[in-house]
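Heads up: the structure comes next, in C-alpha cells.
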Amino acid sequence: MINKNSTISQIFQTPIGNDILSKLFMTLNMDQGLINKFPLSKVKLKHLSSVMGEDMVNTLVQLVNSETEKIIDTPAITPKWWKEAIFYQIYPKSFCDANGDGIGDIQGIISKLDYLKDLGIDCIWLSPIYDSPNDDNGYDIRDYKKIMAEMGDMEDFKQLLEGCHTRGMKLIMDLVVNHTSDEHEWYQRALNGEKKYQDYYIFRDQPNNWKSFFSGSAWKYEESLGKYVLHLFSPKQMDLNWENPDVRQEVAEIVRFYHEMGVDGFRLDVINLISKKAGLPDGNETIGKMMEFTGIEQYYYGPRLHEFLRELRAEAFDPYEAFAVGETPGVGIEMGRYLTHESRGELDLIFNFDHLETPGHVRFDDYQYDLNFLKEMLYRYHDRLGSGDWQALFLENHDNPRILSKVLKNSKYRNVLAKMLQGLLLTFKGTPFIFQGQELASLNLPFSSIEDIRDVESRNKYQELIESGMSKEKAFQVILAGSRDHARVMINWDDTVHPKGWIKDFTLGDGYSVQAQLEKANSSLRFFRKMAAFRKVHPELIYGDLISINRDKKDVMLFERRLYDKALTIEINLTDKPVSRSLKGRKVLVSNYRNRDRNYLKPYEFTICKG
Ligand code: TEU
Ligand code: CA
1 MINKNSTISQ
11 IFQTPIGNDI
21 LSKLFMTLNM
31 DQGLINKFPL
41 SKVKLKHLSS
51 VMGEDMVNTL
61 VQLVNSETEK
71 IIDTPAITPK
81 WWKEAIFYQI
91 YPKSFCDANG
101 DGIGDIQGII
111 SKLDYLKDLG
121 IDCIWLSPIY
131 DSPNDDNGYD
141 IRDYKKIMAE
151 MGDMEDFKQL
161 LEGCHTRGMK
171 LIMDLVVNHT
181 SDEHEWYQRA
191 LNGEKKYQDY
201 YIFRDQPNNW
211 KSFFSGSAWK
221 YEESLGKYVL
231 HLFSPKQMDL
241 NWENPDVRQE
251 VAEIVRFYHE
261 MGVDGFRLDV
271 INLISKKAGL
281 PDGNETIGKM
291 MEFTGIEQYY
301 YGPRLHEFLR
311 ELRAEAFDPY
321 EAFAVGETPG
331 VGIEMGRYLT
341 HESRGELDLI
351 FNFDHLETPG
361 HVRFDDYQYD
371 LNFLKEMLYR
381 YHDRLGSGDW
391 QALFLENHDN
401 PRILSKVLKN
411 SKYRNVLAKM
421 LQGLLLTFKG
431 TPFIFQGQEL
441 ASLNLPFSSI
451 EDIRDVESRN
461 KYQELIESGM
471 SKEKAFQVIL
481 AGSRDHARVM
491 INWDDTVHPK
501 GWIKDFTLGD
511 GYSVQAQLEK
521 ANSSLRFFRK
531 MAAFRKVHPE
541 LIYGDLISIN
551 RDKKDVMLFE
561 RRLYDKALTI
571 EINLTDKPVS
581 RSLKGRKVLV
591 SNYRNRDRNY
601 LKPYEFTICK
611 G
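In our numbering, the protein residues as written are 1 to 611.
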C-alpha cells in the first residue's frame with residue numbers, strides 16, 4: 001500500500017499509479033523518463049500537497065490503493081470469436097437512408113449487409129437505434145425497448161439481426177446506461193414526485209463543482225422539485241444512480257431482453273463512469289484544468305465499478321455467452337487490465353483513448369498528428385498485456401474527426417495513408433474496430449459555419465468559447481478542428497446528392513464514393529477487402545506473437561507476427577518522406593504500392609513480407 005510518504009517512483013511502480021502518472025505527464029507533454037530520475041523520483045507525495053492540494057493527494061492514494069489484487073496471468077491465450085473478428089461500427093443516422101427522408105435507417109443497413117460481408121466484416125457494432133429525442137443522436141435514450149421511429153421498428157431490427165446471422169456475421173448493440181434521456185418514463189415519474197424513481201437518479205440540494213463533458217456545470221436545477229440533478233453530459237442526459245439495486249436490475253433486464261433476441265453482445269457507453277465516489281466530493285480544480293473536466297477523478301474509475309460490472313456480467317452476459325466491450329474514457333492500460341483480464345469476469349475489451357491525441361493536445365486543437373506517437377502507444381500497450389488480456393485497435397469512431405485529416409499535410413497521400421493505417425490495424429495484435437467510411441479513406445469535411453454543425457458537444461463548446469470572449473471566427477475554427485460531425489455525415493454510396501439530410505450533404509463527386517471505389521482497382525476500399533481476406537487466412541496475424549524490430553528507429557514501424565512455423569514481417573513508413581528499407585529482397589505478399597523502391601520505403605508505404 002502506498003501512503004503520503006511514498007515517493008513518485010514508488011507510485012509509478014504500482015499499476016494504477018503508472019496509469020495516473022503516465023496520463024498526467026502525457027497531458028502536460030512532459031517526459032515520463034523524469035519520473036524515475038533524481039530529483040523527481042525521490043519526491044514524496046506529501047510534498048505535492050502544496051501543489052495539488054491535500055484532497056488530490058488523498059484521492060491519488062485512494063485510487064492507487066484501490067487495486068491490491070495482483071492479476072495472475074493465464075498460461076496461454078484462450079481463443080475467442082471476438083479476438084479473431086473484424087468489427088465495423090455503424091452510426092445509423094448517417095449510414096444508409098432507404099426511405100429518402102434524409103435520415104439513415106435500419107432498412108438502409110439491411111440493404112448494405114452484402115457490402116459489409118464482402119468487405120470482410122465479422123461483427124457490426126450498431127450505435128444506438130432506440131427511441132430518443134436525439135439531443136445527442138440516440139445517446140439519450142427515452143425507451144430502451146422501442147426502436148427510434150425515424151429508423152424503423154422492432155420488426156426491422158429483428159430482420160437486420162437475422163440478416164447478419166444468415167451471412168455469418170454477428171451484431172452488437174450500444175448500451176447507454178450511465179444516463180437516460182430526461183424524457184425517459186423513469187425521469188418523468190421522478191419529476192412527478194415518485195420517490196422510487198427519484199432514487200433512480202442523482203438529486204442533491206446543492207451542486208458540487210463537477211463540469212459536464214458538454215460544457216458548463218454537470219448539474220441542472222429542477223424547479224418542480226427544488227433540487228439539482230446530475231448530468232455528466234447534456235442537460236437532457238440524466239445520470240442513473242447505480243448505487244440503487246433497482247437501477248442495476250432494470251439494466252440487467254434490458255440487456256437480457258436483447259440477448260434473448262439473439263443480439264451477440266454490447267458496446268457499453270462510458271461504462272467506467274457509473275460508480276461515483278460516495279458523497280460526490282468536489283473535484284480538484286488543478287486536475288480539472290489539466291484533464292478539462294473538473295470532478296473526473298471522483299467518478300472515472302469509481303469505488304464500486306468492478307462490483308457493478310461483475311454483477312451485470314453474471315446476470316445478463318454470461319448466461320448468453322455474450323460479448324462486452326466497454327467505452328472507458330480516461331482509463332489507462334493497467335486499469336483496463338483490471339476491467340478486462342479474463343480472470344476478472346467483467347468486460348472482454350475496453351476502448352482506451354490515450355493514443356488519439358498526441359501529448360499536450362486535445363481533440364479541438366488544430367495540429368498535425370505524428371504517427372511515431374501511435375507506434376509508441378501501440379507497442380507500450382502491447383508490452384503490458386499478458387495472455388489473459390487483449391487489445392481493441394481503433395483509430396476512428398463517431399466521436400472523433402477523421403484520422404487521415406489529422407495526419408495528412410498533403411492530400412495527395414490520402415489513398416496510400418488510408419491503406420497503410422488499414423494495414424496496421426489488420427496486422428497489429430488485437431481486435432480491429434473500423435468506423436464507417438474509414439474503408440473509403442474519408443476525410444474531415446469543409447463545414448462553412450456553426451449553422452452547419454449538429455453535434456450538441458460542439459454547439460455547447462462554441463457557445464462557451466464565445467461567452468469566454470473568443471471571436472466567432474476563432475471559436476468556429478476550434479470547433480472545426482475537433483467536431484464529432486466530421487464522422488457523422490452521410491456515407492456516399494454513389495454520387496447522389498442528399499438535399500434534405502439531417503446534416504449538411506457532402507456528396508463531393510471526388511471518386512471516393514463506394515461505387516467509384518468498387519470500380520477502381522487500387523482504391524482504399526478494394527485494399528481493405530484484400531487485407532481483411534488476407535488476415536482471415538493468416539492466423540499468425542490473430543494469435544501470433546508480435547515481436548517489434550529496431551523499435552528505436554524513428555519514422556518506421558517494423559514488427560514480426562509469428563505463430564509456430566508461420567511468420568510474417570510488416571514494415572511501415574510512418575511519414576510522407578522516403579526512409580531506408582530494412583527488409584530487402586524479401587518476398588512481398590501485400591503492399592499499398594504496386595511499384596516499390598528496392599532501398600527505400602515510399603511515403604506511408606505498408607508492406608508485408610514472408611517470414
Ligand atoms: O462518448 C463519451 C466520450 O468519451 C466522448 O463523448 C468524449 O468524452 C466527449 O466527446 C468529450 O471529449 C460516449 C459516446 O460515444 C458519445 O457519442 C456520447 O455523446 C457520450 O458518451 C454520452 O453518451
Ligand atoms: Ca430514412
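Every residue, glycine too, gets a C-beta built ideally from N, C-alpha and C.
Nothing here was measured: the structure is a model prediction, and the numbers come from that model.
Endpoints, alpha helix (DSSP H) assigned at residue i
{"i": "C164", "result": "M154 to T166"}
{"i": "Y115", "result": "L113 to L119"}
{"i": "D55", "result": "E54 to N65"}
{"i": "I35", "result": "Element bounds for I35: n/a, residue is neither H nor E."}
{"i": "T286", "result": "E285 to M291"}
{"i": "A109", "result": "For the record, residue 109 in the displayed sequence is Ile; it is not Ala. Residues I106 to I110."}
{"i": "G332", "result": "Segment: none, G332 is in no alpha helix (DSSP H) and carries neither H nor E."}
Beta-ladder partner(s) of residue i, from DSSP
{"i": "T180", "result": "M238"}
{"i": "K573", "result": "As written in the sequence, residue 573 is Asn, which differs from the Lys given in the question. The partner list for N573 (beta bridge, DSSP) reads V556."}
{"i": "G326", "result": "L268 and I350"}
{"i": "C609", "result": "T569 and V588"}
{"i": "L508", "result": "According to DSSP, which records beta bridges pairwise, L508 is partnered with nothing at all."}
{"i": "I434", "result": "Y88"}
{"i": "K70", "result": "Bridge partners of K70: none, in fact."}
{"i": "V407", "result": "According to DSSP, which records beta bridges pairwise, V407 is partnered with nothing at all."}
{"i": "S50", "result": "S50 is not bridged to any residue."}
{"i": "Y130", "result": "I147"}
{"i": "C123", "result": "F87 and K170"}
{"i": "F364", "result": "DSSP lists no partner for F364."}
{"i": "F203", "result": "V229"}
{"i": "R562", "result": "D545 and A567"}
{"i": "S343", "result": "Looking at the DSSP assignment, S343 forms no beta bridge with any residue, so it has no partner."}
Residue i, buried or exposed, once every other Cβ within 10 Å from all chains shown has been counted against 16
{"i": "F38", "result": "exposed"}
{"i": "F12", "result": "buried"}
{"i": "R614", "result": "This structure cannot speak to residue 614, because the chain is shown only from 1 to 611."}
{"i": "N415", "result": "buried"}
{"i": "G295", "result": "buried"}
{"i": "L612", "result": "Nothing in the structure corresponds to residue 612, since the chain is present only between 1 and 611."}
{"i": "S94", "result": "buried"}
{"i": "L28", "result": "exposed"}
{"i": "S224", "result": "exposed"}
{"i": "V331", "result": "buried"}
{"i": "D365", "result": "exposed"}
{"i": "D552", "result": "exposed"}
{"i": "G100", "result": "exposed"}
{"i": "E194", "result": "exposed"}
{"i": "G336", "result": "buried"}
{"i": "A218", "result": "buried"}
{"i": "K145", "result": "exposed"}
{"i": "P319", "result": "exposed"}
{"i": "G511", "result": "exposed"}
Residue range of the unbroken beta strand (DSSP E) whose run includes residue i
{"i": "M173", "result": "K170 to L175"}
{"i": "V229", "result": "K227 to L230"}
{"i": "W186", "result": "W186 -> not in any beta strand (DSSP E); alpha helix (DSSP H) instead, spanning E185 to L191."}
{"i": "S660", "result": "Nothing can be reported for residue 660: it is not among the residues displayed for the chain, which extend from 1 to 611."}
{"i": "E464", "result": "No beta strand (DSSP E) holds E464; the alpha helix (DSSP H) holding it covers V456 to E467."}
{"i": "E222", "result": "W219 to E222"}
Expected contact under 8 Å - CB spacing of residue i and residue j to nearest Å
{"i": "D555", "j": "T575", "result": "5 Å"}
{"i": "M557", "j": "K375", "result": "5 Å"}
{"i": "I434", "j": "F87", "result": "7 Å"}
{"i": "T431", "j": "L378", "result": "Wrong, their Cβ atoms sit about 13 Å apart, outside the cutoff."}
{"i": "I172", "j": "G265", "result": "4 Å"}
{"i": "L417", "j": "Y600", "result": "L417 to Y600, Cβ: 17 Å. No contact."}
{"i": "L404", "j": "L440", "result": "Actually they do not touch by this definition, with Cβ atoms about 10 Å apart."}
{"i": "Y228", "j": "F203", "result": "7 Å"}
{"i": "D362", "j": "L347", "result": "A small fix is needed here, since residue 362 is Val in this sequence, not Asp. Wrong, their Cβ atoms sit about 26 Å apart, outside the cutoff."}
Closer than 8 Å to chain B by CB, residue i
{"i": "H179", "result": "No chain B is present in this structure, which holds just one protein chain."}
With three or more beta-carbon pairs closer than 8 Å as the criterion, would you say the stretch 452 to 470 touches the stretch 566 to 577? no
Decide yes or no for the touch test of the stretch 300 to 319 against the stretch 269 to 289: beta carbon pairs closer than 8 Å, at least 3 of them. The stretch 300 to 319, when compared against the stretch 269 to 289, does touch it at the 8 Å Cβ threshold.
Hey, is the stretch 396 to 408 in contact with the stretch 506 to 516, meaning 3+ C-beta pairs nearer than 8 Å? no
How about the stretch 129 to 141 and the stretch 69 to 77: do they share at least three Cβ pairs that are nearer than 8 Å? no
Please determine if the stretch 134 to 142 and the stretch 46 to 64 are in contact, where contact requires at least 3 C-beta pairs separated by less than 8 Å. Cβ pair count under 8 Å is below three, so no.
Decide if the stretch 175 to 184 is in contact with the stretch 228 to 242; the criterion is three or more beta carbon pairs, one per stretch, under 8 Å apart. Using a C-beta cut-off of 8 Å, the stretch 175 to 184 makes contact with the stretch 228 to 242, since at least three inter-stretch Cβ pairs fall below that distance.
I'd like to know if the stretch 284 to 300 and the stretch 328 to 343 are in contact, where contact means that at least 3 CB-CB pairs between them fall below 8 Å. Touching, yes, given that three or more Cβ pairs across the two stretches are closer than 8 Å.
With contact counted as at least three CB pairs below 8 Å, one residue from each stretch, are the stretch 513 to 527 and the stretch 477 to 486 in contact? no
Taking 5 Å as the limit, name every residue whose beta carbon sits nearer than that to some heavy atom of ligand 3, in sequence order. Judged by which ligands are present, ligand 3 is missing from the structure shown, whose ligands are ligand 1 and ligand 2.
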